[in-house]
Structure formats: C-alpha cells, structure tokens
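Chemist: There's a structure below that I have some questions on.
Numbering (the numbering used here), first residue to last: 47 to 213.
In structure tokens, the structure reads:
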C-alpha cells in the first residue's frame, strides 16, 4: 500500500466522526473497515473507511427508541451529536492503544548523482502497528463493562534512501 498526500479524506472524515460518535453512544458496530494507513484526522484504530461498492460503515441502534443524528459542518470541523431518550446515561470511554509496532524496511539505492558521504531520503518510512480499540462503560465511577471493539493492523511503509555508489 502506498499513501500519496493530497486533498482527501472528505467522506471518510464524516464516517470516522460518525464511528466515534456511535462508539461513545454505546451502539453496536455492524461493519467497519479501517484505513490501510493511519490518517491524520483520527487516532490509529479510531477511523472508518467508506468507498463506493467496497467499504461501508454500519451500526445498530441498540435502544428501543429512535435517535436523532445532528450533524454540523464548518470548514475544518465536523461534529456529530446523537440525541436519544431522556434518562440516566452511563459514561462511555473509548480509546485506542498500540499493542505492537513494526519498524519499516529500508531500501538503499546507489545513485551516482548523490555526493559521497551524503544520503537523500526519497521516501520517509512509517512504522507499522497493531492497535486495539477498547470501550468501557462506567457507572458510579466504576467500569461495569469493557470490550475490545477491534484489533486493527497498519502495515509499515518502507523508507527509500539514495546514497553514493560504493567505490
């Protein structure tokens, strides 16, 4: 997988924001696919990819009543609020934790245009990681329920470095 920086993330920023709101509303996740690489607008594991005819995000309203999804968009900001029935609502903590990191490989390319003793980083590598997303339900300052929502893997991205040829 290769990530090319550019304008993007539009619809995935919305699905990621909805995913985070749904997790905190304590709804069940039916279908969710993480990105292949970490995204700049969400912590690893806290993202949701959507792509026409390939990846979708689906959740289940576990309540016995309808809810209202209120969305707000301003340039640089998306907010989603889920309104449900009145009553006591438990606090829900959602967080991700890295459980394993993988160092990226390095590809060294000999290039006669590179001065001796220097190197040019053509492509910066990125660590790979395995991440767990955990949800805790808290009542009266006690964790009453804890679950691993997902365990996501982000593959490392190889570094490419140009060096002068060996004599």
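Yeah, the Cβ is synthetic: ideal placement off N, Cα and C, and Gly gets one too.
#1: Between residue 210 and residue 128, how many whole angstroms is the CB-CB distance? I'm expecting something under 8 Å.
#2: To the nearest angstrom, how far is it from the Cα of residue 201 to the Cα of residue 86?
#3: Return helix, strand or coil for residue 119, following the three-state DSSP convention.
#4: Measuring CB to CB, does residue 147 end up less than 9 Å from residue 174?
#5: So residue 25 packs on residue 94, CB below 8 Å; how close in whole Å?
#6: Does the distance between the C-beta of residue 128 and the nearest non-hydrogen atom of the ligand SAH fall short of 8 Å?
#7: Can you tell me whether DSSP reads residue 189 as helix, strand or coil?
#8: Within the continuous beta strand (DSSP E) that includes residue 60, where are the two ends?
#9: For residue 50, count neighbouring C-beta atoms within 10 Å of its own C-beta (all shown protein chains included) and say buried if the count is 16 or more, exposed if not.
#10: Determine the burial state of residue 191: buried for a count of at least 16 other Cβ atoms within 10 Å of its Cβ, exposed for fewer.
Modeler: The answer reads as follows:
#1: Here residue 210 corresponds to residue number 164 of the chain shown, with the count starting at 1. Here residue 128 corresponds to residue number 82 of the chain shown, with the count starting at 1. With a Cβ gap of about 58 Å, residue 210 and residue 128 do not count as contacting.
#2: Working through the chain shown from its first residue, we reach residue 201 at position 155. Working through the chain shown from its first residue, we reach residue 86 at position 40. Residue 201 and residue 86: Cα-Cα distance of roughly 16 Å.
#3: Within the chain shown, residue 119 is the residue found at index 73, counting from 1. The answer is strand: DSSP assigns residue 119 an E or B state.
#4: Reading the chain shown from its first residue, position 101 is the one you call residue 147. Reading the chain shown from its first residue, position 128 is the one you call residue 174. In contact: residue 147 and residue 174 (Cβ atoms closer than 9 Å).
#5: The structure shown does not extend to residue 25, since the chain is modelled only from 47 to 213, so the question has no answer here.
#6: The ligand SAH is not among the ligands present in this structure, which contains no ligands whatsoever.
#7: Within the chain shown, the letter at position 143 stands for residue 189. In the structure shown, residue 189 sits in a strand (DSSP, three-state: E or B).
#8: Taking the first residue of the chain shown as 1, we reach residue 60 at position 14. Premise fails: residue 60 lies in the alpha helix (DSSP H), 56 to 70, not in any beta strand (DSSP E).
#9: By 1-based counting over the chain shown, the position of residue 50 is 4. Low confidence applies to residue 50: its pLDDT is 42, below 50, so where it sits in the model is not reliable, and the reading given next is rough at best. Exposed, because fewer than 16 other Cβ atoms sit within 10 Å of the Cβ of residue 50.
#10: If you number the chain shown from 1, residue 191 lands on position 145. Residue 191 is exposed by the Cβ-count criterion.
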